[in-house]
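Position in the sequence shown (from 1) plus 13 gives the number in the working numbering.
Backbone N, C-alpha and C define an ideal beta-carbon position, used for all residues, glycine too.
This one's a predicted model, so the numbers in the text were calculated from it and none came from an experiment.
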Amino acid sequence: QRITVDDSWKFRKGEGGIIAADVNDDGKRDFVITKVGHVAAYDNSGKNIWIKQIDIQVSTNSENNGLPGWLGAGVQASDVDADLRTEVLFLTKKNTLHIIDGATGATEKVILLKHPEGTKRWEHLVITNFRGKGDRDLLLQTTNADGYRMGRYLAAYAIEDLMGKENFEPLWARDDFIPCAHNGA
């Protein structure tokens, strides 16, 4: 199946990407597309669901510009709060985590994150299941701010802590992860 995206979307080479996920909960895979300054969702037929103009964390070569790297979408989608609706999560260059309703694009929560010393911001996120509760955890990753950048900093959070507590602590954190140099965890 071929879909056409709005012609006004001008992409810079390698910055942003695409994921396929059922964001409007109709049982069909939709498309979440990112580029510098934009996140948009299109349904399975290619019809626009929503567009947000926001300074999403996307980059080109991660060794110079941080994660997520070439063609990294910088976005994840899942039902992270057990409300039976898909949420879309992404980070911004201002070090905030955005959790939005996948079907409408409405903001559910914006969370300012602390990042490790020696880094600029959190740059990459992965929805995961560390505690055996389903897609309720979040892995954050970032690179060192100076020199050849490697994503050695990791922290895991319970998403309900991020959404419900003002003072949240990671489940665990480390600064010695040795990843592939040019992509996220």
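Start and end of the alpha helix (DSSP H) containing residue 114? As a first step, residue 114 is located in the sequence shown; it is residue number 101 there, counting from the start. No alpha helix (DSSP H) contains residue 114, which is instead part of the beta strand (DSSP E) from 109-114.
According to DSSP, is residue 130 part of a helix, a strand, or is it coil? Taking the sequence shown and counting its residues from 1, the one referred to as residue 130 is at position 117. Three-state result, residue 130: coil.
Suppose the cutoff is 7 Å on Cβ atoms and the five residues either side in sequence are ignored; what does the same chain contact list for residue 28 look like? Within the sequence shown, residue 28 is the residue found at index 15, counting from 1. For residue 28, where only same-chain residues beyond five positions count, the Cβ hits under 7 Å are 48, 49, 71, 72, 73.
Using only the alpha-carbon positions, how far apart do residue 54 and residue 60 sit? Taking the first residue of the sequence shown as 1, we reach residue 54 at position 41. Taking the first residue of the sequence shown as 1, we reach residue 60 at position 47. If I take the Cα positions, the gap works out to 9 Å.
State yes or no: is the C-beta of residue 140 within less than 9 Å of the C-beta of residue 171? Translated into the one-based positions of the sequence shown, residue 140 becomes position 127. Translated into the one-based positions of the sequence shown, residue 171 becomes position 158. Not closer than 9 Å, so no.
Identity of the residues DSSP links to residue 174 by a beta bridge: Numbered from its first residue, the sequence shown carries residue 174 at position 161. Answer is none; residue 174 lacks a bridge partner.
May I have a chain-ordered list of the beta strand (DSSP E) segments no shorter than 3 residues that lie completely inside the stretch 16-83? 31-34, 43-48, 51-55, 61-66
Assuming the contact rule is C-beta atoms closer than 8 Å, residue 138 and residue 125 should be a hit. Round their C-beta distance to whole Å, please. Working through the sequence shown from its first residue, we reach residue 138 at position 125. Working through the sequence shown from its first residue, we reach residue 125 at position 112. Incorrect: roughly 15 Å between the Cβ atoms, too far for contact.
So who's on the other strand from residue 93, going by DSSP bridges? For this step, residue 93 is matched to residue 80 along the sequence shown. Its beta-bridge partners do not exist; DSSP assigns none.
Helix, strand or coil for residue 166, going by three-state DSSP, please let me know. By one-based count along the sequence shown, residue 166 stands at place 153. The answer is strand: DSSP assigns residue 166 an E or B state.
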